[in-house]
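*Asks:* Let me begin by handing over the structure; questions about it come next.
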Amino acid sequence: MQVLVTGGTGYIGSHTVVELQQSGFEVVIVDDLSNSSADVVDSIASITGIRPQFEKFDLADGSRTHQFFSDYPDLGAVIHFAACKAVGESVTNPLKYYRNNLFSLINLVRGMTDHQVSNLVFSSSCTVYGNPDQLPVGENAPVKQALSPYGNTKQIAEEIIDDQCKVSSFRAILLRYFNPIGAHESALIGEQPLGVPNNLMPYITQTAMGIRDHLNVFGSDYHTPDGTAIRDYIHVVDLAKAHVTALERMLKGEMKEQREIFNLGTGTGYSVLDVIRSFERVTGMKIPYRIMDRRPGDVEQVWADPKKANEVLGWKAMRTLDEMTLSAWKWEQVVSRKNKA
Ligand code: UFG
Numbered sequence: 002m003q004v005l006v007t008g009g010t011g012y013i014g015s016h017t018v019v020e021l022q023q024s025g026f027e028v029v030i031v032d033d034l035s036n037s038s039a040d041v042v043d044s045i046a047s048i049t050g051i052r053p054q055f056e057k058f059d060l061a062d063g064s065r066t067h068q069f070f071s072d073y074p075d076l077g078a079v080i081h082f083a084a085c086k087a088v089g090e091s092v093t094n095p096l097k098y099y100r101n102n103l104f105s106l107i108n109l110v111r112g113m114t115d116h117q118v119s120n121l122v123f124s125s126s127c128t129v130y131g132n133p134d135q136l137p138v139g140e141n142a143p144v145k146q147a148l149s150p151y152g153n154t155k156q157i158a159e160e161i162i163d164d165q166c167k168v169s170s171f172r173a174i175l176l177r178y179f180n181p182i183g184a185h186e187s188a189l190i191g192e193q194p195l196g197v198p199n200n201l202m203p204y205i206t207q208t209a210m211g212i213r214d215h216l217n218v219f220g221s222d223y224h225t226p227d228g229t230a231i232r233d234y235i236h237v238v239d240l241a242k243a244h245v246t247a248l249e250r251m252l253k254g255e256m257k258e259q260r261e262i263f264n265l266g267t268g269t270g271y272s273v274l275d276v277i278r279s280f281e282r283v284t285g286m287k288i289p290y291r292i293m294d295r296r297p298g299d300v301e302q303v304w305a306d307p308k309k310a311n312e313v314l315g316w317k318a319m320r321t322l323d324e325m326t327l328s329a330w331k332w333e334q335v336v337s338r339k340n341k342a
């Protein structure tokens, strides 16, 4: 089975390509390399021994996307990651987000429909739940007013996919991720933020590496045990494996509805200080940090109820927080060496 992975040179995409190849799928990557590098294709090939096919173009280009589907008539399914994902940037440049994230989805779904490719796994986010009323968050929790244009693009994308399922034989699994961190055990692929990282884990590893002077901890007055915000951190390899499981469910015809939703998290929430402590424990290093004001738009606490994914998909996140932070550190050391060379 040939599978298109859009955004396949990105962080979650590259880990998913590895898992797909190791499960026997043939992968075609489409990525415009706006936030990743073509070297990732080599790294994937080093891990799996199989070089995925790679096409560089922007899915927001409708005619190029249409041409792509004509060029690859054997595609059986699509996993769609390609999107911009910086929450803060989406607030200052909303049109970039609506254009990139929604034009690409529309072109993709159009191309799939025109070429009778009806299986889609979509990369959604727990941001659709906003500040949840109840914890842990199950799939039936209400979708709340988005806190950023980025979050809104995920909500609108889910609605576009829903509506398409109603009028065709299109099938979709929407995966709502919590906070992916960590890197592949080979330390050949991982997260590579451009410039100053927005996210906690790469900021911690860059601080340990001496690239950043100290970590800013955004808020210590939340209603949580240690006052810092809580998230459900999930190892990116566990997350990647869930995509293979979801795809297999779809291809085996096991879906109960044309459109299914799964939360992908561990079910355990950790505070910012918990993550720092884990990093310090596994590396023996100290992370200098300063407590700052809350970051605007941040949710206080959110973690998943992964029961549906556990029971229906038969998937469970296996890796611990310490494994996540240690793998992130191993990857940071490789990246820093590469950047210095
Ligand atoms: N944080 C810090 N200092 C930093 C960076 C982050 O204290 O330098 C804190 C944040 O305030 C937050 C926690 O660490 O409390 C996690 O922040 P991240 O930026 O790592 O992750 P977010 O939960 O804000 O966002 C992530 C992804 C989004 C996705 C969202 C879903 O980056 O793409 O999860 O909730 F939409």
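If you read the sequence shown in the working numbering, its first letter stands for residue 2, the second for the next number, and so on. C-beta: ideal position from N, C-alpha, C; glycine also.
For I277 and T269, what's the separation of their Cα atoms in angstroms?
*Replies:* In a straight line, the C-alpha of I277 is about 16 Å away from that of T269.
*Asks:* With contact counted as at least three CB pairs below 8 Å, one residue from each stretch, are the segment 309-316 and the segment 243-263 in contact?
*Replies:* Short answer: they touch.
*Asks:* By alpha-carbon positions, which one of V300, G14, Q23, E324 ends up nearest to H81?
*Replies:* Measuring from the Cα of H81, the nearest candidate turns out to be G14.
*Asks:* Is there at least one non-hydrogen atom of the ligand HEM closer than 7 Å to the beta-carbon of Y98?
*Replies:* Because the ligand HEM does not appear in the structure shown, any question about it cannot be addressed here, the ligands present being the ligand UFG.
*Asks:* If distances are taken between C-alpha atoms only, which option among V28, L216, V303 comes closest to L136?
*Replies:* Taking only the C-alpha atoms, the option nearest L136 is V303.
*Asks:* To which residues of the same chain is L314 closer than 8 Å at the C-beta, ignoring the five residues directly before and after it?
*Replies:* So the qualifying residues of the chain are A243, T246, A247, R250, F263.
*Asks:* Would you say F123 and L175 are within 8 Å of each other, going by their C-beta atoms?
*Replies:* The answer is yes: Cβ separation under 8 Å.
*Asks:* Please report the Cβ distance between S126 and R172, rounded to the nearest whole angstrom; I am assuming they are in contact, meaning their Cβ atoms lie under 8 Å.
*Replies:* With a Cβ gap of about 21 Å, S126 and R172 do not count as contacting.
*Asks:* What's the gap between the Cα of A78 and the Cα of F219?
*Replies:* Distance between the alpha carbons of A78 and F219: 40 Å.
*Asks:* Does the beta-carbon of T326 have 16 or more other beta-carbons within 10 angstroms, so that it is buried, or is it exposed?
*Replies:* When all chains shown are included, T326 counts as buried.
*Asks:* Any idea what DSSP makes of G77, helix, strand or coil?
*Replies:* Note: G77 maps to strand in three-state DSSP.
*Asks:* Mapping DSSP to helix, strand and coil, what is Q68?
*Replies:* Residue state, collapsed to three classes: helix.
*Asks:* Just list the residues that DSSP pairs Y204 with in beta bridges.
*Replies:* In the DSSP output, where bridge partners are listed per residue, Y204 has none listed.
*Asks:* Taking D275 as the reference, which of D323, E255, R295 has the closest Cα?
*Replies:* The option with the nearest alpha carbon to D275 is D323.
*Asks:* If we ignore side chains and look at the alpha-carbon of each, how far apart do Y204 and P74 end up?
*Replies:* Near 42 Å, if we compare the C-alpha coordinates of P74 and Y204.
*Asks:* Let me check understanding here. Comparing Cα to Cα, which of E159, Y12, E27 lies closest to L34?
*Replies:* With distances taken between Cα atoms, L34 lies closest to Y12.
*Asks:* The ligand UFG and F123: does the residue's C-beta get closer than 7 Å to at least one heavy atom of that ligand?
*Replies:* No - the ligand UFG has no heavy atom lying nearer than 7 Å to the Cβ of F123.
*Asks:* Drop a sphere of 10 angstroms on the beta-carbon of P143, count the other beta-carbons inside from all chains shown, and report buried for 16 or more, exposed for fewer.
*Replies:* Answer is exposed; the Cβ neighbour count stays below 16.
*Asks:* Per DSSP, which one or two residues make a beta bridge with F263?
*Replies:* In the DSSP output, where bridge partners are listed per residue, F263 has L176.
*Asks:* Could you tell me if the beta carbon of R65 falls within a distance shorter than 7 Å of some heavy atom in the ligand UFG?
*Replies:* No - the ligand UFG has no heavy atom lying nearer than 7 Å to the Cβ of R65.
*Asks:* Leaving out five residues on either side along the sequence, give the residues of the same chain with a beta carbon under 6 Å from the beta carbon of G63.
*Replies:* Excluding positions up to five away in sequence, the list reads N108.
*Asks:* Are the CB atoms of V6 and I30 nearer to each other than 8 Å?
*Replies:* Going by C-beta atoms, V6 is nearer than 8 Å to I30.
*Asks:* Using CA atoms only, rank isn't needed, just tell me which of Q3, S37, V283 is closest to G25.
*Replies:* Residue Q3 is the option with its Cα nearest to G25.
*Asks:* Please list the terminal residues of the continuous alpha helix (DSSP H) segment that includes Y98.
*Replies:* It spans 95-98 - the alpha helix (DSSP H) in which Y98 sits, taken as one unbroken run.
*Asks:* Would you kindly report the start and end of the unbroken alpha helix (DSSP H) that includes N153?
*Replies:* Residues 150-168.
*Asks:* Within the present structure, is the beta-carbon of S126 separated from the nearest heavy atom of the ligand UFG by less than 7 Å?
*Replies:* Indeed, a heavy atom of the ligand UFG lies less than 7 Å from the Cβ.
*Asks:* Taking the straight line between their C-alpha atoms, what separation do you get for S328 and V335?
*Replies:* Rounded to whole angstroms, S328 to V335 spans 11 Å at the Cα level.
*Asks:* Exposed or buried, A241, counting other C-beta atoms within 10 Å across all chains shown (16 or more means buried)?
*Replies:* The residue in question, A241, is buried, as its Cβ has 16 or more Cβ neighbours within 10 Å.
*Asks:* Excluding the five sequence neighbours on either side, which residues of its own chain have a C-beta within less than 7 Å of the C-beta of H224, listed in chain order?
*Replies:* Here the set comprises E301.
*Asks:* Given a cut-off of 8 Å, decide if N102 and A158 are closer than it, judged by their beta-carbon atoms.
*Replies:* Result yes, Cβ atoms of A158 and N102 sit closer than 8 Å.
*Asks:* Have a look at the DSSP bridge pairing and note the partners of H236.
*Replies:* Answer is I182.
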